Every structure is written in C-alpha cells, then in structure tokens.
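In the working numbering, the protein residues as written are 1 to 303.
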C-alpha cells in the first residue's frame, strides 16, 4: 500500500508540469479563420470553429452549444466588419469569459490586418441592403489576406503563450509565405484566360476579394441589393448585362438558392459555379486546400 501511495504521489508530481504545457484554446467564428489558426498554432493549440462552411456567416444560429467552447477559450478570432453582429454578441454574453471580450488580449479582429474593399464613402442605410460600414467582410477568399491574418494570429498567440512564441511566429511566417506564393501562382493561371471569359456574376456581394485576387471582373449580382432576393426587373437587367458583356457564369456559395441563377444561365447556355462557403475544417481540410478547390471550380466554369 505504501508503495502504491508513493507511486500515485510520483505520478501526480510528474503530471504537474503538463498543466503548464496545456494547449492554448482558440475559437474562431469562421472555419477559414479556424484553419489558419490551426496552421499557425500546430500541436500547441486546440481550435474550434463556430460557423460551419454550409452556413451563411451572416445568419449563424446562436445556439447554447456554441457558448461552451467560448467559455473556455484563451483566444477568439473574429472576422469583424459587422459580419457576426447578428449572433456573436449573444454568445459572448452567455459565455461569460472576460479573456475574449472586445478589447481584451484574447480578442482578435482579423479585419484589422487586411486591406479592405468596398468601404462606403457616403452615408448608408438599410434601404441600400446589407451593407457594411467598415467595408466588405468576405476577405478570406483572398489568400493574400489569409497571409496577413496568419501573421496577426501568430503574434497574438505568442503574446498569450510566451513559452511557444518562437514556434508560433515561425509557423505564421512560413504559412504566410506559402499562401502568398499560391496567390501569385493562381493569379498567373487566371491571367491566361481571355479577358471576355473573366467576367462573371455573383449571387451575393461576397466574391469581390476573390475577383481582386484572380483578376476577374464582377459585373453584377443576382441579388437586387446585398441580402435582398432578386425581383423580376432586376433579373431581367442582369440578363441584359450578361449578354452585353459576354458573361455566362454565375458564381455562388452553396448556401444560397440556385433557382434564379440556373434560370439565367440556362438562357445563356452558361453555368452556375457553386463553391463551398468556407474551409471544411471539421473534416480536416486546410485553408489552402479550400482555396485551391474554389479556384479550380471557378476556373473550370470560366474556361
């Protein structure tokens, strides 16, 4: 018995340092951000994504089960620019975790690290649709933005977990370089397409960063206004624009309805290119793999 007690005591002593080596708990609002955080954090972090790639990130259900990972998180990475305004505040209140509230060291707004597109220069209101005062929030479709976010995440992880600071910063730099090289390679591929084939219509104003990265021209959206379903007059106008510009492709995420897009492209003998709304993080897909899949889907439709 004495030996047993001594053994237990020894085991506890050996186990004690493991507490100091506990993984950094990271929560990201979007699966793209979760995948970037995992690439930077490696085995030193535990990462959870709140939204699924099949969910419209504007309208995630603020279900109680999402409060649990937030309640124990050391770092929360958000997209920002008002994208999560309809659901994240409720979850943060319910989580009761001071470490990840706005302004705390454990709260990281990814939008603060990226170049923003479509920042309104005049006063906006709800009659104009679902516009974002700080700019378009769908920047993770551009790997160059992903590279900047990786560096920001690495720096913040280093601040929160100094014991692994060098590893975080090193991985962030290497991953950013990989993303930037990928961005340049894909842009070179798309630049070989004839100019007329680079015109497309998006369903929602969510592909502007994708277009900027790949050198494409978005000539309109299926939605009448951001977040507003198309009416017959707008659909007719989009059809005329597509004919005039020689565009035959509509690109949209999987969570948007396809009926109108299919109707329009059928009239033009065109295609609807459906892309995933984010990295399949819970299935083990990387951010880079997701972007490659998106780029290939778009290229095949335009070619």
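Where is the CB? At the ideal position from N, CA and C, for every residue including glycine. Being a predicted model, the structure only gives us computed values, none of them experimental.
Residues that DSSP places opposite residue i in a beta bridge
i: residue 218; result: 200
i: residue 28; result: 49 and 77
i: residue 108; result: 77
i: residue 149; result: Note: residue 149 sits in no beta bridge, so no partner.
i: residue 252; result: 274
i: residue 298; result: DSSP output for residue 298 lists no bridge partner at all.
Contact under 8 angstroms by Cβ, residue i with residue j
i: residue 255; j: residue 31; result: no
i: residue 161; j: residue 24; result: yes
i: residue 66; j: residue 50; result: yes
i: residue 117; j: residue 97; result: no
i: residue 271; j: residue 263; result: no
i: residue 230; j: residue 260; result: yes
i: residue 275; j: residue 294; result: yes
i: residue 157; j: residue 175; result: no
i: residue 204; j: residue 223; result: yes
i: residue 149; j: residue 114; result: yes
i: residue 52; j: residue 45; result: no
i: residue 78; j: residue 91; result: no
Where residue i falls, given that 16 or more other Cβ within 10 Å makes a residue buried
i: residue 217; result: exposed
i: residue 194; result: exposed
i: residue 185; result: exposed
i: residue 43; result: exposed
i: residue 12; result: Annotation note: pLDDT 31 at residue 12 (below 50); position unreliable, coordinate value reported separately. Classification for residue 12: exposed.
i: residue 7; result: Per-residue confidence for residue 7 stands at a pLDDT of 37, beneath the threshold of 50, marking its modelled position as unreliable; the derived number appears in the next sentence. Classification for residue 7: exposed.
i: residue 68; result: exposed
i: residue 34; result: buried
i: residue 189; result: exposed
i: residue 17; result: Low confidence applies here, because residue 17 scores a pLDDT of 36, under 50, leaving its location unreliable and the question unanswered by this model.
i: residue 59; result: exposed
i: residue 14; result: Because residue 14 sits at a pLDDT of 38, beneath the cut-off of 50, its placement in the model cannot be relied upon, and the following sentence gives the value as read from the coordinates. Burial call: exposed.
i: residue 177; result: exposed
i: residue 63; result: exposed
Nearest neighbour of residue i, chosen from the options [CA to CA]
i: residue 40; options: 171, 230 and 297; result: 171
i: residue 123; options: 134, 113 and 58; result: 134
i: residue 95; options: 87, 106 and 72; result: 72
i: residue 183; options: 59, 221, 22 and 290; result: 290
i: residue 61; options: 84, 76, 70 and 77; result: 84
i: residue 298; options: 206, 257 and 214; result: 214
i: residue 201; options: 283, 54, 26 and 240; result: 240
i: residue 258; options: 273, 101, 57 and 138; result: 273
i: residue 140; options: 196, 303, 88 and 211; result: 211
i: residue 147; options: 166, 111 and 163; result: 111
i: residue 196; options: 48, 164, 285 and 303; result: 303
i: residue 48; options: 199, 105, 288 and 75; result: 75
Residue i CB to nearest heavy atom of the ligand COA below 7 angstroms
i: residue 192; result: As for the ligand COA, it is missing from this structure, which has no ligand bound.
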